[in-house]
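Novice: Take this structure first; my questions come after.
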Amino acid sequence: MKIVLLDKKYFLSDFPQNEWGAVWEEYDDTPEDKILARLSGAHIALTHGVKLNREIVSKLPDLKMISVNSTGYERIDVEACKEFGVTVCNIKDWCTNSVVEHILSCMFALNRLLPSYHSFVRNGNWKATPYEIAFKPAKELRGSVIGIVGYGMLGKHLKSVCQAMGLTVLVSEHKNRTSVRNGYTLFNQVVRQSDFLVIQTPLSNETYHMISTEEFEMMQDDAYLINCGRGGLIDEGALLKALEQNKIGGAALDVLEAETFENKALLHYKGSNLILSPHIAFASVQSIKKNTEMVLDNVRQYINGSPINVVN
Numbered sequence: 067m068k069i070v071l072l073d074k075k076y077f078l079s080d081f082p083q084n085e086w087g088a089v090w091e092e093y094d095d096t097p098e099d100k101i102l103a104r105l106s107g108a109h110i111a112l113t114h115g116v117k118l119n120r121e122i123v124s125k126l127p128d129l130k131m132i133s134v135n136s137t138g139y140e141r142i143d144v145e146a147c148k149e150f151g152v153t154v155c156n157i158k159d160w161c162t163n164s165v166v167e168h169i170l171s172c173m174f175a176l177n178r179l180l181p182s183y184h185s186f187v188r189n190g191n192w193k194a195t196p197y198e199i200a201f202k203p204a205k206e207l208r209g210s211v212i213g214i215v216g217y218g219m220l221g222k223h224l225k226s227v228c229q230a231m232g233l234t235v236l237v238s239e240h241k242n243r244t245s246v247r248n249g250y251t252l253f254n255q256v257v258r259q260s261d262f263l264v265i266q267t268p269l270s271n272e273t274y275h276m277i278s279t280e281e282f283e284m285m286q287d288d289a290y291l292i293n294c295g296r297g298g299l300i301d302e303g304a305l306l307k308a309l310e311q312n313k314i315g316g317a318a319l320d321v322l323e324a325e326t327f328e329n330k331a332l333l334h335y336k337g338s339n340l341i342l343s344p345h346i347a348f349a350s351v352q353s354i355k356k357n358t359e360m361v362l363d364n365v366r367q368y369i370n371g372s373p374i375n376v377v378n
């Protein structure tokens with residue numbers, strides 16, 4: 067048996083390579099023109115973000131299993147894999163606590179105006195008493211309304227934590243849906259009523275740019291947008307205009323639509339009401355350890371004939 071790790075730089079802890087007595091190959095990263103050669107004869111492929119499309123999968127007759135080290139698997143053609151007998155597995159609920167803590171950190175930082183106060187002091191404007199810098203008093207979180215768009219395991223955990231903190235939680239129904247399931251609220255109503263709008267839904271053709279000009283017009287002018295899901299969920303051009311025109315209170319983004327940063331207008335926005343982090347909400351000591359353990363468990367269970375976390 068041959069196992070190939072295609073992009074080790076995205077796996078943040080080491081693997082016990084000889085656990086199965088397999089031939090083990092690993093590469094720091096794998097460009098598109100090297101994929102076929104490196105997976106030739108491989109039975110199992112481990113990857114984070116290498117694109118495995120129909121053309122590639124069809125040329126790998128020995129490949130039987132792919133395990134990604136993330137919940138999302140949009141770079142794998144799962145339908146082609148199913149057609150060619152390749153089992154695709156992801157990992158679930160491995161970074162829920164870490165992402166929820168990151169979202170809460172963003173909520174606190176934005177709501178308490180920490181970026182503004184930080185810049186104020188760093189620019190030499192320290193004052194003797196806190197009353198002298200209360201040019202814009204921060205609000206307390208308790209009693210605020212948080213709207214959650216995307217109600218999987220992460221959304222459910224975020225809801226329970228926020229309710230314990232005294233926030234009112236609205237769970238969004240799917241956009242453009244007119245009927246409402248029990249416990250959900252119409253999307254437009256959530257957008258209008260939320261002090262914090264948290265986007266945590268998968269990216270698809272239906273959810274691409276689901277937050278754009280129309281939604282920013284609906285939002286309260288002091289509401290905050292937080293996205294730790296996928297960058298493509300937000301129309302960044304519309305967000306930039308909303309920030310510049312004070313249509314919303316601010317935003318915190320852990321993800322951007324194209325994380326290459328060439329001509330990325332949001333990076334040049336000077337306002338202190340935009341917090342950017344480098345797609346790092348998932349990362350904690352605990353989540354990184356759990357990530358590796360779950361990928362290994364996917365491989366173990368597949369080899370034992372009882373595959374888990376199968377997405378196709």
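Numbering (our numbering), first residue to last: 67 to 378.
Ideal placement from N, C-alpha and C gives every residue a C-beta, glycine not left out.
Fair warning: this is a prediction, and the values are worked out from it, not measured in the lab.
Three or more beta-carbon pairs under 8 Å between the stretch 232-242 and the stretch 210-220, yes or no?
Specialist: yes
Novice: Identify, in the order they occur along the chain, each residue of the same chain with its Cβ nearer than 7 Å to the Cβ of His345, setting aside the five sequence neighbours on each side.
Specialist: Asp320, Val321 and Glu325
Novice: Following the continuous alpha helix (DSSP H) through Cys172, name the residue where it begins and the one where it ends.
Specialist: Cys172 -> alpha helix (DSSP H) spans Thr162 to Asn177.
Novice: What is the DSSP secondary structure of Ser238, counted as helix, strand or coil?
Specialist: DSSP places Ser238 in strand when its eight states are reduced to three.
Novice: According to the neighbour-count rule (16 or more other Cβ atoms, all chains shown, within 10 Å of its Cβ), is His114 buried or exposed?
Specialist: A buried status is given to His114, since no fewer than 16 other beta-carbon atoms sit within 10 Å of its beta-carbon.
Novice: Please state whether DSSP places Cys294 in a helix, a strand or coil.
Specialist: coil
Novice: Return the chain-ordered list of same chain residues with a C-beta closer than 7 Å to the C-beta of Ala349, the five sequence neighbours on each side being excluded.
Specialist: Ser164
Novice: On the criterion of 16 or more Cβ atoms from any shown chain inside 10 Å, does Thr244 qualify as buried, or is it exposed?
Specialist: exposed
Novice: Do Ile265 and Leu224 have their beta-carbon atoms positioned less than 8 Å apart in this structure?
Specialist: no
Novice: What is the residue span of the beta strand (DSSP E) that Ile383 lies within?
Specialist: Because the chain is modelled from 67 through 378, residue 383 falls outside the range shown and cannot be assessed.
Novice: For the stretch 150-163 against the stretch 177-187, are there 3 or more C-beta pairs whose distance is under 8 Å?
Specialist: Touching, no.
Novice: Leu309 lies in the alpha helix (DSSP H); which residues open and close that run?
Specialist: Glu302 to Glu310
Novice: Check the C-beta distance from Asp287 over to Lys313 and give it rounded, since I have them as a contact under 8 Å.
Specialist: 6 Å
Novice: For Lys302 and Glu281, which I take to be in contact (beta-carbon distance under 8 Å), what is that distance rounded to the nearest angstrom?
Specialist: Note on residue identity: the sequence assigns Glu, not Lys, to residue 302. In fact, because the Cβ distance is near 13 Å, the residues do not count as touching under 8 Å.
Novice: Please go through the same chain and pick out, in chain order, the residues whose beta-carbon is closer than 7 Å to the beta-carbon of Ile369, but skip the five residues on each side of it.
Specialist: Trp86
Novice: Apply the 10 Å Cβ neighbour rule to Met334 and answer buried if 16 or more other Cβ atoms are within range, or exposed otherwise.
Specialist: The question names Met, yet the displayed sequence has His at residue 334. So His334 ends up on the exposed side.
Novice: Is the stretch 118-134 close to the stretch 97-109, with three or more CB pairs under 8 Å?
Specialist: yes
Novice: Who are the Cβ neighbours of Gln229 in its own chain at under 7 Å, not counting the five residues just before and after it?
Specialist: Val235
Novice: Whether or not the stretch 360-369 and the stretch 171-178 are in contact is what I'm after, with contact meaning three or more pairs of Cβ atoms, one per stretch, closer than 8 Å; do they touch?
Specialist: no
Novice: Can you give me the C-alpha to C-alpha distance between Val246 and Phe253, rounded to a whole angstrom?
Specialist: 10 Å
Novice: With distances taken between CB atoms, is the gap from Ile110 to Ile69 smaller than 8 Å?
Specialist: yes
Novice: Which residue comes first and which comes last in the alpha helix (DSSP H) that contains Phe253?
Specialist: Phe253 to Gln259
Novice: Is the beta carbon of Cys155 sitting closer than 8 Å to the one on Ile374?
Specialist: yes
Novice: Between the Cα of Asn357 and the Cα atoms of Ile122, Ser136, Pro97 and Ala318, which residue gives the shortest distance?
Specialist: Ser136
Novice: Flag this pair as yes or no: are the beta carbons of Pro82 and Ser338 separated by less than 8 Å?
Specialist: no
Novice: For Tyr76, I'd like the list of residues in its chain whose CB is within less than 6 Å of its CB, leaving aside the five on either flank, ordered along the chain.
Specialist: His114
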